[in-house]
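Single-structure report; data block below.
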Ligand code: BES
Ligand code: MN
Ligand code: ZN
């Protein structure tokens, strides 16, 4: 990390602290005596745990009505605290609501290192789904980025016991899945929360190369010289103003790579925008507190990396190739100028009309390389446009695509993981806005429908391969804790892509 030495980055600094903090999630018929708190799900007017020693009248007097997200904690001396956790009406017994319920419980007991949560045998979800939702929500709720706190006040969740009469083996299967999926998201959160000087493109590359093999991934790094050889003029053009080198991080997963070596029928390509910091370049962003968030402009690449770490453990049956397109976007004497023309991999020329529309330039190279592989499908994910944030806010990503069945699969995975996405039109009528007088394309659309014109630009590089695009500018972070989304980077997309790829039809 010599380049960043002036920031005095400690030699033992690790960009992925959450890999070290593991929560042991177990199943038991009774709550362990040493649990700091036990959570009891309670429906409106439903039965109350005998241990509570309170009736509905006193609960209501304390504002507890049994709605999802409500909790009432009753501290005990010499015994576990008792926490009633609202579960809402009968029609709210979904996986998403179960995660919200667990999140409310874990937030109510934020100082507890050991928790127990009770689930009866009438909860109308299958055992695997219950185990997965509870484990996932608990880990994600307690997450905090503490790598740079010298005196962290955060209390890690060491143990969680799911107290249930349900089949322990099935619930256990769910727990294992949930923990892998949560790990994918916490890896993505860690990466996006890391300051841009601590996580440069080169450092990200080193990290991927050292961790990849552990997760069954083959990692290939392309440095500046290699990118020139590959003709990746988009990534190189965005990098031109930076003192840090770019990296294209290629990750390859082959199912059962120790097996018979046959090629799986399905091959998915994933592309992530990896702008380590987006200053806007020569089209410098105006001074604004939003800039603090631009270290998260690699949230797409972080989500793809997170998802890739889950495939081996979840037994993904498809082949997956990922391209993380990493560089920062800086102004300097060597920066790309407005009016410069870049040549993307494959030869398409692009006139740069605004250097702040850099995401589409780095993605273009990644999409072109993906299309050359003739995969079953290409999915890209990017913190691409302020317009997506304006249109859909912080809870919902914008989805686009050239193939409705693929977009439907993406949205189904988004719904299942409660990382919501909403399709916007890839309106071809707006395509002329991307025309250039001197090159094949310009990188800037008109004033309106900015998320759509950005998507139309990307569409130029995928040929006729089924392709979907997720614009996560809105969902990359939350300003305050919200259910299992902890303040800061959300890791949005890591769980969605994991689900999409693992569940992708293999024939
Ligand atoms: N990284 C930004 C988009 C962004 C904005 C992400 C807010 C997260 C929160 C992107 O590179 C950008 O600057 N987009 C411009 C595009 C414009 C110049 C066409 C935008 O949206 O203003
Ligand atoms: Mn930008
Ligand atoms: Zn950007």
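Numbering (our numbering), first residue to last: 1 to 507.
Beta carbons: idealized from backbone N, C-alpha and C, even for Gly.
Nothing here was measured: the structure is a model prediction, and the numbers come from that model.
Would you report the Cα separation of residue i and residue j, rounded to the nearest angstrom?
i, j, result
"residue 49", "residue 491", "36 Å"
"residue 60", "residue 160", "28 Å"
"residue 223", "residue 249", "9 Å"
"residue 255", "residue 498", "14 Å"
"residue 258", "residue 216", "Because residue 258 carries a pLDDT of 44, less than 50, the predicted location of this residue cannot be relied on, and no value is offered for it."
"residue 20", "residue 104", "24 Å"
"residue 228", "residue 362", "13 Å"
"residue 127", "residue 192", "33 Å"
"residue 454", "residue 398", "11 Å"
"residue 371", "residue 301", "18 Å"
"residue 12", "residue 204", "16 Å"
"residue 346", "residue 391", "33 Å"
"residue 483", "residue 69", "8 Å"
"residue 1", "residue 226", "Its pLDDT being 43, under 50, residue 1 is placed unreliably by the model, and the measurement read from it follows with that caveat. Answer to the nearest angstrom: the Cα atoms are 21 Å apart."
"residue 373", "residue 468", "16 Å"
"residue 413", "residue 88", "24 Å"
"residue 551", "residue 457", "Absent from the model: residue 551. The displayed extent of the chain is 1 to 507, so no value can be given."
"residue 211", "residue 198", "17 Å"
"residue 246", "residue 375", "25 Å"
"residue 244", "residue 44", "57 Å"
"residue 298", "residue 30", "44 Å"
"residue 15", "residue 153", "19 Å"
"residue 487", "residue 140", "11 Å"
"residue 402", "residue 323", "20 Å"
"residue 213", "residue 207", "11 Å"
"residue 303", "residue 334", "30 Å"
Can you name, in chain order, every residue of its own chain whose Cβ lies under 6 Å from the Cβ of residue i, other than the five neighbours on each side?
i, result
"residue 142", "106 and 157"
"residue 359", "273, 382 and 384"
"residue 485", "478"
"residue 218", "252"
"residue 168", "27"
"residue 466", "377, 403 and 406"
"residue 489", "189, 192, 193, 296 and 477"
Please classify residue i: is it buried, with 16 or more other beta-carbons within 10 angstroms of its beta-carbon, or exposed?
i, result
"residue 495", "buried"
"residue 292", "exposed"
"residue 290", "exposed"
"residue 28", "exposed"
"residue 63", "exposed"
"residue 351", "buried"
"residue 7", "exposed"
"residue 428", "exposed"
"residue 435", "exposed"
"residue 448", "exposed"
"residue 327", "buried"
"residue 58", "exposed"
"residue 78", "exposed"
"residue 263", "exposed"
"residue 34", "exposed"
"residue 438", "exposed"
"residue 332", "exposed"
"residue 287", "exposed"
"residue 471", "buried"
Can you find the residues in the same chain that come closer than 8 Å, C-beta to C-beta, to residue i, ignoring five residues on each side of it along the sequence?
i, result
"residue 121", "164, 165 and 166"
"residue 338", "282, 283, 352, 353, 354 and 355"
"residue 446", "430, 433 and 453"
Using a Cβ-Cβ cutoff of less than 7 Å, which residues in the same chain neighbour residue i once the five nearest sequence positions on both sides are dropped?
i, result
"residue 36", "80, 81, 109, 112, 113, 114 and 115"
"residue 46", "66"
"residue 473", "383, 384, 385, 386, 388 and 389"
"residue 150", "none"
"residue 295", "195, 196 and 277"
"residue 125", "93, 95 and 98"
"residue 306", "184, 185, 187, 188, 491 and 494"
"residue 101", "41, 68, 85 and 87"
"residue 221", "205, 209, 247 and 249"
Pop quiz: residue i and residue j are said to be a contact at Cβ under 8 Å. What is the actual Cβ separation, rounded to whole angstroms?
i, j, result
"residue 380", "residue 367", "6 Å"
"residue 506", "residue 266", "5 Å"
"residue 18", "residue 52", "The pair is not a contact, with the Cβ atoms about 34 Å apart (cut-off 8 Å)."
"residue 271", "residue 378", "7 Å"
"residue 136", "residue 178", "4 Å"
"residue 421", "residue 396", "6 Å"
"residue 442", "residue 342", "Actually they do not touch by this definition, with Cβ atoms about 11 Å apart."
"residue 424", "residue 451", "6 Å"
"residue 269", "residue 321", "5 Å"
Could you confirm whether any beta carbon from chain D is found closer than 8 Å to the beta carbon of residue i?
i, result
"residue 440", "Protein chain content of the structure displayed is limited to a single chain, and chain D is not contained in it."
Report task. Let me know the alpha helix (DSSP H) ranges lying completely inside the segment 385 to 462, each 4 residues or longer, listed in chain order. Result -> 386 to 392, 404 to 417 and 450 to 459
Query raised in the report: In the segment 126 to 195, which residue ranges form an unbroken beta strand (DSSP E) of at least 3 residues, counting only runs that do not cross its ends?
Result: 159 to 163
**Report entry** Length-filtered (4 minimum) alpha helix (DSSP H) runs lying within the segment 294 to 344
**Finding:** 299 to 308
Query - Complete runs of the beta strand (DSSP E) confined to the segment 59 to 90 [at least 3 residues] - result: 71 to 74 and 81 to 86
Query raised in the report: In chain order, which continuous runs of the alpha helix (DSSP H) of length 4 or greater are located wholly inside the segment 199 to 271?
Result: 201 to 211, 224 to 230 and 233 to 239
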